[in-house]
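Below: one structure, written as C-alpha cells.
Here you go:
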C-alpha cells in the first residue's frame, strides 16, 4: 500500500509539473509573439508613362524702338484681348518704381473710398462676413508661410475693407477722410515723375508672356498635322535664336497649343479611351494639366508619335518648351495597404489580418493597383450591406504587417 501511495504521489507531482510546463509554454508563446500593425489610409495613385515632350505654339514677338525700363502690366499667362495694355516702357528705373507706387496707392485709395462710402450697412450677414475675414486672414498667413507675396497687397486691402465693414455693421464710426487725403497727395506728387515713354498694346488676342526663350517659330501650330519623328527630333536639337535687345516679351496666339512626344507603341494602348488625358510636366510641379488627344501616328512597330492639344494657360505653363513629363493613363483612389500585410486565405483570396482590440480577424481585399511595396484596394461604398462592410478591409483598420501563425478569430 505504501508503495502504491508513493507511486500515486509521484505521478500526481509529475502531472502537476507537466500542466505547469504546458501553461507556461502557452503563456510564453502568447507573450513572445510580436505583431506590427499599420493604419489603413485612403490614397490616390497615378499610373503614368514617362515621355520627353515638345511644346508647340503660335507666338508673336513683342518689340519696342524706345529704350528704357520695361514693366509688364499684365500677368504671365494672362488672357489679353487685341489692343489691351500689356506693358509700359519708362525712361529710368526711378520712373518705373514711381509708376508701380502710384498703382499700389491707387488701389489703396479705391479701397478707402469703398469703406468711406459705406456709412451704414443694413441686413449684413455677420457670420458670413466673419468667415470672409477669417478666410482672408488665412490667405495672408499662407502667403507669408509659402514666401509667395504676389497677392499679399491685395489680400491686406481686402482684409482691411472687410474688417471695416464689420465695424460699420456694429454701428461703430469709421472715418477714412484723413487717409484718403494723404493718399491723394502722395499720388499727385508721384504722377509727374511716373509717366511712361511708351505703352505697349497687344496686336492680337492671346496669352501674354514677359520673356522669350529663343525657340519661337521652330515649330508652329501649322506644323502639327504634318509633323514627323525626324522633324520633332530636329526641333529638340535646334539651336536657340539669340534674344533681340528690343524684345519685351511675346503673345501666345489663339486658344490652343500642342504637346508632341514619341512613346513606345505598346504604351499607346494604355492611353485612356476618353479623348481627355492628363499630363504632368516636371517643370510645373505635380499639377495635372488636362489635354486632348489630337492625333496618334505609328512611326513603326515600336514607336508612335502622339500629339496632345491643350487650351489652358497659366504662369507655370508659359515657360515650357522641351520638358520631361508624364502621361496619366490611369488613376486609382482607394485604401493603401502595405504589401507585407497581404495574405491569401485557404481559397486563394487576397486579404489582410486586422487587429481589433486583442482579436485578429481576416478581411478580404479587392486589389485595384499594386506596386512592390503597397497595394491600392477598393473600399466599401457607403450603401454597402453590413456583411460586406464587416468582411472587407476599411479605412483606419489596423492591419498586421508582421506576425506568425495568424488565424481568423485568434486572441493576441
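Residue numbers (the numbering used here): 154 to 565. Where is the CB? At the ideal position from N, CA and C, for every residue including glycine.
How far does the beta strand (DSSP E) with residue i in it extend, from its first residue to its last?
i, result
"residue 471", "No beta strand (DSSP E) contains residue 471, which is instead part of the alpha helix (DSSP H) from 468–471."
"residue 429", "429–434"
"residue 514", "512–517"
"residue 400", "400–406"
"residue 336", "It is not in any beta strand (DSSP E) - residue 336 instead sits in the alpha helix (DSSP H) that spans 330–344."
"residue 371", "That residue, residue 371, is in no beta strand (DSSP E); it is neither H nor E in DSSP."
"residue 241", "238–243"
"residue 207", "194–209"
"residue 529", "527–530"
"residue 648", "This structure gives no information on residue 648, because the portion of the chain shown stretches from 154 to 565."
"residue 554", "551–555"
"residue 504", "503–509"
"residue 225", "222–225"
"residue 351", "351–354"
"residue 362", "359–362"
"residue 213", "212–216"
Between residue i and chain C, is there a C-beta pair that is closer than 8 Å?
i, result
"residue 483", "Considering every chain present, this structure includes no chain C. It has just one protein chain."
Just checking my contact of residue i with residue j at CB under 8 Å: how many whole Å lie between their CB atoms?
i, j, result
"residue 408", "residue 377", "Not confirmed; about 14 Å, so no contact."
"residue 501", "residue 529", "About 20 Å; that fails the 8 Å criterion."
"residue 459", "residue 414", "6 Å"
"residue 556", "residue 187", "7 Å"
"residue 195", "residue 473", "Not really, about 32 Å apart at Cβ, beyond 8 Å."
"residue 446", "residue 430", "6 Å"
"residue 258", "residue 199", "In fact, because the Cβ distance is near 47 Å, the residues do not count as touching under 8 Å."
Give me the Cα-Cα distance between residue i and residue j, rounded to the nearest whole angstrom.
i, j, result
"residue 219", "residue 345", "20 Å"
"residue 238", "residue 354", "4 Å"
"residue 422", "residue 204", "15 Å"
"residue 492", "residue 565", "22 Å"
"residue 315", "residue 435", "39 Å"
"residue 367", "residue 518", "54 Å"
"residue 216", "residue 520", "58 Å"
"residue 308", "residue 265", "14 Å"
"residue 248", "residue 349", "8 Å"
"residue 284", "residue 226", "32 Å"
"residue 554", "residue 534", "25 Å"
"residue 201", "residue 191", "27 Å"
"residue 296", "residue 432", "27 Å"
"residue 380", "residue 370", "14 Å"
"residue 508", "residue 298", "40 Å"
"residue 438", "residue 470", "11 Å"
"residue 146", "residue 484", "In the structure displayed, the chain extends from 154 to 565; residue 146 sits before or after that span and is not available."
"residue 428", "residue 207", "20 Å"
"residue 395", "residue 244", "25 Å"
"residue 291", "residue 440", "23 Å"
"residue 393", "residue 417", "28 Å"
"residue 332", "residue 365", "42 Å"
"residue 270", "residue 356", "39 Å"
"residue 300", "residue 329", "31 Å"
"residue 262", "residue 312", "15 Å"
"residue 475", "residue 524", "30 Å"
"residue 382", "residue 391", "14 Å"
"residue 478", "residue 213", "26 Å"
"residue 193", "residue 385", "46 Å"
Between which two residues does the alpha helix (DSSP H) holding residue i run?
i, result
"residue 384", "382–390"
"residue 420", "418–421"
Please go through the same chain and pick out, in chain order, the residues whose beta-carbon is closer than 7 Å to the beta-carbon of residue i, but skip the five residues on each side of it.
i, result
"residue 515", "498, 504, 506 and 561"
"residue 425", "482"
"residue 240", "223, 224, 225, 226, 353, 401 and 402"
"residue 251", "343, 346 and 347"
"residue 397", "216"
"residue 420", "202"
"residue 363", "225, 229 and 402"
If you drop the 5 nearest sequence neighbours on each side, which residues of the same chain put their C-beta closer than 8 Å to that of residue i?
i, result
"residue 255", "340, 343, 344 and 347"
"residue 246", "222"
"residue 399", "216, 217 and 218"
"residue 527", "489, 490, 491 and 492"
"residue 231", "360 and 361"
"residue 197", "484, 485 and 486"
"residue 253", "224"
Residues in the same chain with beta-carbon distance under 6 Å from residue i, minus the five sequence neighbours each way, listed in chain order, please.
i, result
"residue 228", "none"
"residue 234", "358"
"residue 210", "405 and 410"
"residue 544", "517"
"residue 372", "209 and 388"
"residue 494", "505, 552 and 554"
"residue 467", "230"
"residue 450", "458"
- Residue ranges of each beta strand (DSSP E) run of no fewer than 3 residues wholly in the segment 441–498, ordered along the chain? 441–451, 456–463 and 475–491
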